[in-house]
Amino acid sequence: MARTRAVRQPDLILISWSRNPLMPGSPRRITASRVIGSAQPCRFAIQPNGLVKNALACLLDHDIGFKVVFQRRTSTISGYMLLQRIR
Numbered sequence: 000m001a002r003t004r005a006v007r008q009p010d011l012i013l014i015s016w017s018r019n020p021l022m023p024g025s026p027r028r029i030t031a032s033r034v035i036g037s038a039q040p041c042r043f044a045i046q047p048n049g050l051v052k053n054a055l056a057c058l059l060d061h062d063i064g065f066k067v068v069f070q071r072r073t074s075t076i077s078g079y080m081l082l083q084r085i086r
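The structure is reproduced here in structure tokens:
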């Protein structure tokens with residue numbers, strides 16, 4: 000009889016971000032996030048009010064394996080992005 004294994008589910012991270020509307024060119028900051036699966040070793044970088052730039056720098060590192068699969072601006076000062084671990 001063949002042995003069956005559970006299929007590993009992908010790790011997903013949804014990040015909602017916004018900019019300060021009173022300061023043009025201000026950096027994007029995380030307003031909310033949702034992790035499905037694991038975000039290790041970058042969990043520390045995905046915190047409310049943290050910089051999106053820092054979170055992406057950690058998550059997009061080639062050894063970790065995350066990739067942006069979808070992103071959308073909801074206005075001129077806000078948006079969201081979905082990252083998936085590709086392995």
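Numbers 0 to 86, taken from numbering that gives the first Met the number 0, label the letters of the sequence shown in order.
Backbone N, C-alpha and C define an ideal beta-carbon position, used for all residues, glycine too.
Given a length threshold of 3 residues, each whole run of the beta strand (DSSP E) inside the stretch 7–61 is given here in chain order: 11–17 and 28–35.
A54 is a Cβ neighbour of I45, given a cutoff of 8 Å. Straight-line measurement puts the Cα of I76 at about 22 Å from the Cα of L58. The stretch 7–14 and the stretch 24–34 touch, with no fewer than 3 CB-CB distances between them shorter than 8 Å. Across the set D60, L50 and Q83, the C-alpha of L50 shows the shortest separation from the C-alpha of N19. Between the alpha carbons of Q70 and C41 lies a distance of about 19 Å. The DSSP-derived three-state label of R86 is coil.
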